[in-house]
Amino acid sequence: DAGVTQSPTHLIKTRGQQVTLRCSPKSGHDTVSWYQQALGQGPQFIFQYYEEEERQRGNFPDRFSGHQFPNYSSELNVNALLLGDSALYLCASRLTGGADSYEQYFGPGTRLTVT
Amino acid sequence: GNSVTQMEGPVTLSEEAFLTINCTYTATGYPSLFWYVQYPGEGLQLLLKATKADDKGSNKGFEATYRKETTSFHLEKGSVQVSDSAVYFCALTSQGGSEKLVFGKGTKLTVNP
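Going down the list, the sequences are from chains U and C.
Position one of the first sequence corresponds to residue 1 (the working numbering), numbered consecutively onward.
Position one of the second sequence corresponds to residue 116 (the working numbering), numbered consecutively onward.
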């Protein structure tokens, strides 16, 4: 049973560029959340997708956008990259309405470096 | 808004020592509380949880009790091992447990043999 997978593992981009990160949820899960973890900090919630719609959003600018596909996989897009966007981006999945719906399973993350 | 404060690290212990990592929270209503662990190069793993006051979460020798009167959820382990070396995050979700996770800044634990 595959857990949450993310790609790519590492990415280096230049200021002003755009980036797309990808996430496949754990088998059987239908809800995907994205978090940003700056170095030495705890993860910060970006947004959550369920039924292909953004259901909840954290305090991030519109440069951060996402998408969820019919197979529940998800993408995180960041436009006009800033140096401050350098971080580990974590994807988490869960099953909405399941017995353990509170438990979110995290992927290994994508390390984004903006130069 | 909701927030989590946990003790500053890093924490360095010898094997078999007693571990306490303090965590306090600010939240409205009755949040669910969690401890996550992050091993080097890996994602976060749920270590234990408590969903109502006075609940005790436990796993792999770690324990934490949901104390509403002190708004705390301190992590403890009686005898740490080298393999427990990791970063530990205290987190909460708002009432219902289906909302976003709010994390503390994390505490890095190093256990020496």
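We treat Cβ as the ideally placed atom computed from N, Cα and C, and that holds for glycine.
Note that the structure is predicted; figures quoted are calculated from it, not measured.
Hey, out of Ser129/C, Lys215/C, Thr180/C and Tyr145/C, whose CA is closest to Gln48/U's CA? Residue numbering aside, residue 48/U sits at position 48 when the first sequence is read from its first letter. Checking every option, the nearest Cα to that of Gln48/U belongs to Lys215/C.
Check the Cβ of Ser33/U against every Cβ in chain C and list those closer than 9 Å, keeping chain order. What you label residue 33/U is simply residue 33 of the first sequence in a count that begins at 1. Within chain C, the residues near Ser33/U are Lys215 and Leu216.
Suppose only complete runs of 3+ residues qualify. What are the beta strand (DSSP E) ranges in the stretch 26-80 of chain U, listed by chain order? Fully enclosed beta strand (DSSP E) runs of 3 or longer: 31-37, 44-50, 53-57, 64-68 and 74-78.
What do you get for Thr14/U, buried or exposed, if any count of 16 or more other CB atoms within 10 angstroms of its CB means buried? For the purposes of this step, residue 14/U is taken as the residue at position 14 of the first sequence. Exposed.
From the DSSP secondary-structure annotation, give me the bridge partner or partners of Lys223/C. Along the second sequence, one-based indexing puts residue 223/C at 108. When beta bridges are read from the DSSP output, Lys223/C appears opposite Val202/C.
Could you check if Ser24/U is buried or exposed, using at least 16 other CB atoms within 10 Å of its CB as the buried criterion? Here residue 24/U refers to the residue found at position 24 of the first sequence. With 16 or more other Cβ atoms from the protein chains shown falling within 10 Å of its own Cβ, Ser24/U counts as buried.
Would you kindly report the start and end of the unbroken beta strand (DSSP E) that includes Thr20/U? Within the first sequence, residue 20/U is the residue found at index 20, counting from 1. Here the beta strand (DSSP E) through Thr20/U covers Val19 to Ser24.
Tell me which same chain residues have a C-beta within less than 7 Å of the C-beta of Leu161/C, skipping the five on either side of it? Locating residue 161/C in the second sequence gives position 46, where the first residue counts as 1. Only Phe149 and Tyr151 meet the Cβ criterion.
To the nearest angstrom, report how far apart Leu88/U and Gly193/C are at their CA atoms. For the purposes of this step, residue 88/U is taken as residue 88 along the first sequence, with counting starting at 1. For the purposes of this step, residue 193/C is taken as residue 78 along the second sequence, with counting starting at 1. Leu88/U and Gly193/C: Cα-Cα distance of roughly 32 Å.
Can you tell me which of the three DSSP states Gly172/C falls into? The sequence position of residue 172/C within the second sequence is 57, counting from 1. Strand.
So Gln6/U packs on Pro108/U, CB below 8 Å; how close in whole Å? The residue given as residue 6/U occupies position 6 in the first sequence. The residue given as residue 108/U occupies position 108 in the first sequence. Confirmed, about 6 Å.
Is Val4/U helix, strand or coil by DSSP? Here residue 4/U refers to the residue found at position 4 of the first sequence. Residue state, collapsed to three classes: coil.
When burial is assigned at 16 or more other CB atoms within 10 Å of the CB, is Val197/C buried or exposed? For this step, residue 197/C is matched to residue 82 along the second sequence. When all chains shown are included, Val197/C counts as exposed.
Given a cut-off of 8 Å, decide if Tyr154/C and Asp169/C are closer than it, judged by their beta-carbon atoms. Position 54 of the second sequence, counted from the first residue, corresponds to residue 169/C. Position 39 of the second sequence, counted from the first residue, corresponds to residue 154/C. No, they are not a contact pair.
Through-space distance from His189/C to Lys183/C, alpha-carbon basis: As a first step, residue 183/C must be located in the second sequence, where it is residue number 68. As a first step, residue 189/C must be located in the second sequence, where it is residue number 74. About 12 Å.
By the criterion of Cβ-Cβ separation under 8 Å, what are the contact partners of Gly16/U in chain C? Walking along the first sequence from the start, residue 16/U turns up at place 16. One finds nothing in chain C with a Cβ atom closer than 8 Å to the Cβ of Gly16/U; even the nearest lies about 29 Å away.
DSSP three-state assignment for Val114/U, whether helix, strand or coil: One-based indexing of the first sequence puts residue 114/U at position 114. Three-state DSSP puts Val114/U in a strand.
How many Å lie between Val78/U and Phe45/U at the Cα? Mapped onto the first sequence, residue 78/U falls at position 78. Mapped onto the first sequence, residue 45/U falls at position 45. Straight-line Cα distance between these residues: approximately 15 Å.
So if DSSP puts Gln196/C in a beta bridge, which residue, or which two residues, is it bridged to? Counting from 1 along the second sequence, the entry for residue 196/C is found at position 81. Gln196/C pairs with nothing; no bridge assigned.
Within chain U, the residues that Thr208/C reaches when beta carbons sit closer than 8 Å: If you number the second sequence from 1, residue 208/C lands on position 93. What Thr208/C touches in chain U: Tyr102.
Below 8 Å between beta carbons is the criterion; list the residues of the stretch 27-57 of chain U that meet it against any residue of chain C, in chain order. Within the stretch 27-57 of chain U, the residues whose Cβ lies closer than 8 Å to some Cβ of chain C are Ser33, Tyr35, Gly40, Gln41, Gly42, Pro43, Gln44, Phe45, Gln48 and Gln56, listed in chain order.
Going by the DSSP bridge assignment, what does His10/U pair with across the sheet? In the first sequence, the residue the question calls residue 10/U occupies position 10. Paired residues: Arg111/U.
Is the stretch 131-142 of chain C close to the stretch 20-37 of chain U, with three or more CB pairs under 8 Å? no
With 16 other Cβ atoms within 10 Å as the buried cut-off, status of Asp62/U: As a position in the first sequence, residue 62/U is number 62, starting the count at 1. So Asp62/U counts as exposed.
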